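Q: The structure that follows is given in the form of structure tokens.
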Amino acid sequence: MTPLQLSRLLADAALSRKARSVVRIDLRGKTTLADFFVICEGDTDRQVRAIAGEMSELAARSGIHPLSRAGLEEGSWACLDFDSVVAHVFLPGERAYYDLEGLWGPARRVRPKRVAPAPAGP
């Protein structure tokens, strides 16, 4: 899976858990840190953990596992490092405070399309 495809998968996972303000930042050619950041927010620490968990789960189904995970216990900022893609899931106040989007100002931002809701049960 390419970094672009992985960034899309992680953004879709976030949207499936009702993450807000999901954005992918294209860092290719700007840093060796990663090719993409996926940044989003959840309303509560529980939702932050659920979003990060869904990201890990969907990536694992494709055989991809994060190199490291941080912040899952506290739930105010969860970070999943997939090497070429780093996912950040924030509480709104934490996102504004750290302002990762502002740090990478000239990088291209891609807002994912909303995923279709899962069909209702049988």
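Quick note on numbering: my numbering labels position 94 of the sequence shown as 202, and the sequence is numbered without any gaps.
Beta carbons are placed, not taken as given, at the ideal position from N, Cα and C, and that holds for glycine.
Small disclaimer: the values here were computed from a predicted structure and weren't measured.
(1) Return the chain-ordered list of same chain residues with a C-beta closer than 7 Å to the C-beta of Gly179, the five sequence neighbours on each side being excluded.
(2) Please confirm whether Val130 and Ala142 have their CB atoms less than 9 Å apart.
(3) Taking buried to mean at least 16 other C-beta atoms within 10 Å of its own C-beta, is Pro174 buried or exposed?
(4) Over the uninterrupted beta strand (DSSP E) stretch that includes Asp151, give me the two end residues.
(5) Do Ala204 and Val146 count as a contact pair if the criterion is CB distance below 9 Å?
(6) In terms of DSSP beta bridges, what is Val146 paired with?
(7) Going by DSSP, which residues form a beta bridge with Asp189?
(8) Go ahead and label Gly137 buried or exposed: buried means 16 or more other beta carbons lie within 10 angstroms of its beta carbon, across all protein chains shown.
(9) Using DSSP with H/G/I as helix, E/B as strand and the rest coil, what is Ala228?
(10) What does a CB cutoff of less than 7 Å around Pro230 pick up in its chain, not counting 5 residues either side in sequence?
(11) In three-state terms, what does DSSP make of Leu166?
(12) Below 8 Å, is the gap between the Cβ of Glu182 and the nearest heavy atom of the ligand FMN?
A: For this structure:
(1) Within the sequence shown, residue 179 is the residue found at index 71, counting from 1. Once the five neighbours on either side are set aside, the close Cβ partners of Gly179 are Trp185, Ala186 and Cys187.
(2) Here residue 130 is taken as the residue at index 22 of the sequence shown, counted from 1. Here residue 142 is taken as the residue at index 34 of the sequence shown, counted from 1. Going by C-beta atoms, Val130 is not nearer than 9 Å to Ala142.
(3) Position 66 of the sequence shown, counted from the first residue, corresponds to residue 174. Pro174 is buried by the Cβ-count criterion.
(4) On the sequence shown, position 43 is the one that residue 151 refers to. No beta strand (DSSP E) holds Asp151; DSSP gives it neither H nor E.
(5) For the purposes of this step, residue 146 is identified with residue 38 of the sequence shown, where counting begins at 1. For the purposes of this step, residue 204 is identified with residue 96 of the sequence shown, where counting begins at 1. Going by C-beta atoms, Val146 is not nearer than 9 Å to Ala204.
(6) Stepping through the sequence shown from its first residue, residue 146 is reached at position 38. Bridge partners of Val146: Arg132 and Ala195.
(7) Translated into the one-based positions of the sequence shown, residue 189 becomes position 81. According to DSSP, Asp189 bridges with Ser176 and Val194.
(8) Taking the first residue of the sequence shown as position 1, residue 137 is located at position 29. It is exposed - the Cβ of Gly137 has fewer than 16 other Cβ atoms within 10 Å.
(9) Start at 1 with the first residue of the sequence shown, and residue 228 comes out as number 120. Low confidence applies here, because Ala228 scores a pLDDT of 43, under 50, leaving its location unreliable and the question unanswered by this model.
(10) Here residue 230 corresponds to residue number 122 of the sequence shown, with the count starting at 1. Model confidence at Pro230 stands at a pLDDT of 46, short of 50, so the residue's coordinates are unreliable; what they give is reported in the following sentence. Closer than 7 Å at the Cβ level, and outside the excluded window around Pro230, lies no residue.
(11) Here the question's residue 166 lines up with position 58 in the sequence shown. Three-state result, Leu166: helix.
(12) No copy of the ligand FMN occurs in the structure displayed, which carries no ligand at all.
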